[in-house]
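Chemist: Got a structure here, written out as structure tokens. Questions coming.
Residue numbers (full-length UniProt numbering): 1 to 146.
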């Protein structure tokens with residue numbers, strides 16, 4: 001990727017972040033997927049959490065963890081603690097698969113269930129876990145895993 005392309009991507013992410021901070025994030029699911037596809041890419045796995053207020057507006061897109069080419073460590077306790085500190089009401093988990101195949105691993109499904117259980121206990125809503133691949137994204141909610 002050229003320096004100019006990196007600059008364009010950074011500018012596009014900033015524009016999207018401003019847009020989401022001014023508008024209800026979940027009014028367009030395609031906009032959420034587009035944001036995730038743009039914001040969560042790379043040569044290593046990155047795990048983001050989109051923290052939302054009670055009107056589903058983005059409070060913060062937090063890069064919670066950076067991993068390797070095929071693994072990213074996720075600590076459910078830290079994800080949930082940050083949600084409480086931010087006064088978030090809901091969250092969307094997002095991570096990428098650098099291989100390009102967005103199919104969830106058993107570890108992805110297990111971690112999602114752990115966070116979902118914690119959310120339920122704390123009165124938070126887990127809207128989805130989106131896995132970004134090359135040219136397509138998978139929603140664990142749409143697949144019935146949440």
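We put the CB at the ideal spot given by N, CA and C, even for glycine.
Short of 8 angstroms in beta carbon distance, which residues of its chain neighbour residue 45, apart from the five on each side in sequence? Order them along the chain.
Modeler: Looking up residue 45 in the chain shown gives position 45. Same-chain partners within the cutoff: 66, 67, 68, 69, 70, 71, 72, 95, 96, 97, 98.
Chemist: According to the neighbour-count rule (16 or more other Cβ atoms, all chains shown, within 10 Å of its Cβ), is residue 143 buried or exposed?
Modeler: Mapped onto the chain shown, residue 143 falls at position 143. With fewer than 16 other Cβ atoms within 10 Å, it is exposed.
Chemist: Relative to the alpha-carbon of residue 50, which residue among 60, 33, 39 has its alpha-carbon at the smallest distance?
Modeler: Locating residue 50 in the chain shown gives position 50, where the first residue counts as 1. For the residues 60, 33, 39, the minimum Cα distance to residue 50 belongs to 60.
Chemist: If you draw a straight line from the alpha carbon of residue 34 to that of residue 47, how long is it in whole angstroms?
Modeler: Against the chain shown, residue 34 aligns to sequence position 34. Against the chain shown, residue 47 aligns to sequence position 47. For residue 34 and residue 47, the distance between alpha carbons rounds to 16 angstroms.
Chemist: With distances taken from CA atoms, which of 114, 103, 106, 39 is nearest residue 78?
Modeler: Mapped onto the chain shown, residue 78 falls at position 78. Measuring from the Cα of residue 78, the nearest candidate turns out to be 114.
Chemist: Just to confirm my understanding: we take residue 138, look at its own chain, exclude 5 residues before and 5 after, and list those with CB closer than 8 angstroms. What are they?
Modeler: By 1-based counting over the chain shown, the position of residue 138 is 138. If we look at residue 138 and ignore the five residues flanking it on each side, its Cβ neighbours are 102, 103, 104, 130, 131.
Chemist: Could you compute how far the alpha carbon of residue 140 sits from the alpha carbon of residue 7?
Modeler: Translated into the one-based positions of the chain shown, residue 140 becomes position 140. Translated into the one-based positions of the chain shown, residue 7 becomes position 7. Using only the alpha carbons, I get a separation of about 31 angstroms.
Chemist: Would you say residue 39 and residue 13 are within 8 angstroms of each other, going by their C-beta atoms?
Modeler: Position 39 of the chain shown, counting from 1, holds the residue named residue 39. Position 13 of the chain shown, counting from 1, holds the residue named residue 13. Yes. Within cutoff.
Chemist: Nearest-angstrom Cα distance between residue 92 and residue 5?
Modeler: The residue labelled residue 92 in the question sits at position 92 within the chain shown. The residue labelled residue 5 in the question sits at position 5 within the chain shown. If I take the Cα positions, the gap works out to 27 angstroms.
Chemist: Counting C-beta neighbours from all protein chains within 10 Å, is the total for residue 80 16 or more, i.e. buried, or is it exposed?
Modeler: By one-based count along the chain shown, residue 80 stands at place 80. Counting Cβ neighbours within 10 Å, residue 80 comes out buried, since at least 16 surround it.
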